[in-house]
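Residue numbers (my numbering): 9 to 361.
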C-alpha cells in the first residue's frame with residue numbers, strides 16, 4: 009500500500025488545520041484505481057471496486073443509500089459490459105441496472121433527481137460511419153427510471169455539447185458549445201442562450217441560484233447573470249471557477265485553481281480564502297472540481313492538486329511532463345476547521361453514515 013504525504017496547506021483567516029475526525033456523514037471518492045468510502049476520520053477505508061475506463065460522475069440516492077456511476081471495463085469491451093451500475097453502500101454489492109448500447113457512454117453528467125426515482129445523464133452516442141471521415145458524436149439527455157428500470161433518451165438543441173452545471177430539482181441544465189451557453193429543461197427545451205467570447209468557454213463551471221433564476225458563471229471574471237433583467241454583474245473581477253451555492257444562498261464557494269477554495273458573500277461583497285496550497289507555482293484548472301457540501305450544509309469536501317514539472321535532465325521521453333500530488337480536504341464550516349487525506353482523488357460525494 010502506497011503511503012502518501014500530506015500536502016502543505018495555507019488556511020484562511022480564522023481557519024485551522026486539525027487531525028481527521030469523524031462526523032455524522034461518510035465520504036465516497038474515486039481515485040485512479042477504485043471507488044472508496046470511509047468515515048471522515050479515514051480510519052477504515054473501504055473499496056467499492058474499479059470505476060472503469062471512462063470518466064463519469066458519481067450520483068447518490070439518499071433514500072436507498074445507493075451510489076450510481078457509468079461503468080465499462082474498457083472501451084474495447086463495451087459490447088460485453090456497458091451501462092450504469094448501482095453500488096449498495098451497506099453491502100458493497102454492484103449491479104448493472106441500465107445496460108447501454110456499446111456505442112453509448114454517459115460522461116460528464118449523471119445526477120439523481122431529488123425526491124423522484126430518476127437519474128438524469130448526458131448520453132453520448134458514437135454516430136461515426138466508416139464510409140465518412142471524422143468522428144460524429146450525438147448528444148442526448150438520458151432519463152433513467154430507477155423503479156421501472158427503463159430509460160428514455162431526449163434530443164438536445166444543437167450545440168449542447170458539454171454540460172456545465174445541473175439543477176434537476178428546478179428543471180434547469182446548462183450546456184456549452186459552439187453557440188455559447190444554453191439553458192435547457194429536462195425535456196430538452198431551450199430556455200436561454202448566452203453567447204459571446206466574454207462569457208468564457210464553459211470550462212470554469214457555473215451555478216444556478218437556489219431561489220431565483222439567476223446564474224453565476226465562472227471564468228476570467230466570476231459573474232452573476234440575471235435573465236429577467238438581462239443584467240450581468242462582475243462579483244470577483246480576478247476570476248474564479250466551479251461556483252457552488254450553499255442552500256440558503258448566503259455563500260458562494262469557488263476556486264481560483266485546482267489548489268484552492270474561496271467563498272464570496274453577496275451581502276457584503278467580500279471574497280475570502282478558505283484553504284490553498286502555498287508556493288503553488290504551476291496552478292491549473294483541469295483538475296478543479298466543484299466543492300461538495302454535506303446534506304446539513306455543515307461540511308465540505310474537495311480534491312486539491314499541486315502540479316510540478318519533472319526536471320528535464322531526469323525525465324524520460326515516455327514520461328509525463330508533470331507530476332501531480334493530490335489530497336482530499338474535508339472542512340467543518342461551523343468550527344472553521346479542515347483536515348486532509350492525501351492521495352489521488354478525481355471526485356467525491358457525501359453519503360449517509
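We put the CB at the ideal spot given by N, CA and C, even for glycine.
Of the candidates 177, 166 and 318, the residue whose Cα lies closest to the Cα of residue 120 is 177.
Put simply, the backbone Cα of residue 49 is about 9 Å away from that of residue 349. In the DSSP annotation of this structure, the continuous segment of the beta strand (DSSP E) that includes residue 356 starts and ends at 355 to 360. Only residues of its own chain outside the window of five on either side were considered, and among them 173, 175, 178, 180 and 223 have a CB closer than 7 Å to the CB of residue 216, listed in chain order. Distance from the Cα of residue 102 is smallest, within the candidate group 21, 109 and 57, for 57. Assignment of beta strand (DSSP E) within the region 285 to 351, counting only whole runs of 3 or more residues, yields 307 to 317, 330 to 340 and 345 to 350 in chain order.
Only exposed fits residue 218, as fewer than 16 other CB atoms lie within 10 angstroms of its CB. Residue environment for residue 269: buried (at least 16 other C-beta atoms within 10 angstroms of its C-beta). C-alpha of residue 145 to C-alpha of residue 116: approximately 14 Å in a straight line.
Secondary structure note for residue 158: its beta strand (DSSP E) is the uninterrupted segment 158 to 163. In the DSSP assignment, residue 126 falls within the beta strand (DSSP E) that extends over 126 to 134.
Going by DSSP, residue 241 is part of the beta strand (DSSP E) stretching over 239 to 244. Proximity to residue 360 across 354, 335 and 69 peaks at 69, based on C-alpha coordinates. For residue 177, the three-state secondary structure derived from DSSP is helix.
One thing to note: residue 21 has its Cβ no nearer than 9 Å to the Cβ of residue 234.
Rounded to the nearest whole angstrom, the C-alpha separation of residue 308 and residue 35 is 10 Å. Residue state for residue 83 is assigned as helix, using DSSP reduced to three classes. In this structure, residue 159 places its C-beta atom within 9 Å of the C-beta atom of residue 106. Note that the C-beta distance between residue 301 and residue 37 is not below 9 Å. Looking from the CA of residue 242, the closest CA among 251, 229 and 252 belongs to 229. Taking a 10 Å sphere around the C-beta of residue 123, we find fewer than 16 other C-beta atoms and assign the residue as exposed.
Nearest to residue 132 by alpha-carbon distance, out of 113, 118 and 140, is 113.
Shown here, residue 206 sits in a helix according to DSSP, grouped into three states.
Counting only residues of its own chain and dropping the five nearest sequence neighbours on each side, residue 149 has a CB closer than 6 Å to the CB of 162, 164 and 196.
The Cβ neighbour count for residue 346, taken over all protein chains shown within 10 Å, is at least 16; the residue is labelled buried.
In its chain, beyond the 5 residues on either side, 361 have a beta carbon closer than 6 Å to the beta carbon of residue 32. If you look at residue 151, you'll find it in the beta strand (DSSP E) that goes 145 to 153. Following the DSSP letters along the chain, one finds residue 105 inside the beta strand (DSSP E) bounded by residues 102 to 107.
Between residue 315 and residue 284, the CB-CB gap reaches or exceeds 9 Å.
A straight line joining the alpha-carbon of residue 83 with that of residue 109 spans about 12 Å. Residue 251 carries a strand assignment under DSSP once its states are collapsed to helix, strand and coil. Following the DSSP letters along the chain, one finds residue 118 inside the beta strand (DSSP E) bounded by residues 118 to 120. Sequence-distant Cβ neighbours of residue 332 in its own chain, meaning closer than 6 Å and more than five residues away, are 313 and 315.
Taking the Cα positions, residue 153 is about 44 Å away from residue 18. By the 16-neighbour rule on beta-carbons within 10 angstroms, residue 255 is exposed.
Collapsing the DSSP output to three states places residue 197 in coil.
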